[in-house]
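Protein chains in written order, with the numbering used here: chain A, 214 to 326; chain B, 983 to 1094. Everything on this sheet refers to the single structure shown next.
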């Protein structure tokens, strides 16, 4: 199984809502990532988890809160988002760290009203 | 952090070889050059990775000169299905930091 799954596929939320994005992989990878991608732009790294510990937080606003419950799951909790946070949120995993091939999920298309 | 620069777009006819060059003048000693392909509304897909000289796999070749200040992704005999955005990045890690900054991407259009 070389797949990274993400749910939901699409999400529309208001600025006062709380929602969560989910990501799952069963490849035994020990590094997992969240990226944000705006239209016609490259993916931007948000967070990196290595062996279930948060390794990197690329100065992301606190309204985004990552969580790694176990080695297969990665969540991104969303609260009080702004319309400019609307984007494609991509999850990825790799065997260990930055040098390894990353496997990306299909993404969650988020729209903040 | 190593910044990569690549052409915004390229056009090619089917069956031709396509070479996309990426410039990374301040690449770190430990960084690897990695290329990803992305189709609309999908996540990027790994194509190839290398440190120096030449790497070849079933879909592409990657040429990295000795000074490592640039690299060239070579796609042999492209087809319409190769129309996509191609991203170059210098991937690495240091003490408490990851280098995973994607270049702006090259939009390749394959013409019948």
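Here a beta-carbon is modelled for each residue, glycine too, at the ideal position from N, C-alpha and C.
Item: Taking the beta strand (DSSP E) that residue 228 (chain A) belongs to, which residues open and close that run?; Value: That residue, residue 228 (chain A), is in no beta strand (DSSP E); it is neither H nor E in DSSP.
Item: Within the 8 Å Cβ cut-off, does residue 1069 (chain B) reach chain A?; Value: yes
Item: Name the chain A residues whose beta carbon is nearer than 7 Å to that of residue 1082 (chain B)?; Value: 258 and 311
Item: Tell me which same chain residues have a C-beta within less than 8 Å of the C-beta of residue 224 (chain A), skipping the five on either side of it?; Value: 232, 234, 321, 322, 323 and 324
Item: Based on DSSP bridge pairs, tell me the residues matched to residue 1015 (chain B).; Value: B:1032 and B:1072
Item: For residue 326 (chain A), name the three-state secondary structure that DSSP assigns.; Value: coil
Item: Flag residue 287 (chain A) as yes if its beta-carbon sits less than 8 Å from any beta-carbon of chain B, otherwise no.; Value: no
Item: Starting from the C-beta of residue 1073 (chain B), find all residues in its chain whose C-beta is less than 7 Å away, skip the five residues before and the five after it, and write them out in chain order.; Value: 1013, 1014, 1016, 1081 and 1082
Item: In or out: residue 990 (chain B) buried (at least 16 other Cβ within 10 Å) or exposed?; Value: exposed
Item: Spatial neighbours of residue 1000 (chain B) within its chain, please: CB distance less than 6 Å, with the 5 preceding and 5 following residues excluded, ordered by chain position.; Value: 994, 1057 and 1060
Item: Name the two residues that bound the continuous beta strand (DSSP E) containing residue 240 (chain A).; Value: Here residue 240 (chain A) belongs to no beta strand (DSSP E), and DSSP marks it neither H nor E.
Item: Leaving aside the five residues before and after residue 1087 (chain B) along the sequence, list all residues of the same chain whose C-beta is less than 6 Å from its C-beta, in chain order.; Value: 1067 and 1069
Item: What is the DSSP secondary structure of residue 291 (chain A), reduced to helix, strand or coil?; Value: strand
Item: Would you call the CB atoms of residue 284 (chain A) and residue 265 (chain A) closer than 8 Å?; Value: yes
Item: Does any CB atom of chain A fall closer than 8 Å to the CB of residue 985 (chain B)?; Value: no
Item: In this structure, what does DSSP give as the bridge partners for residue 300 (chain A)?; Value: A:323
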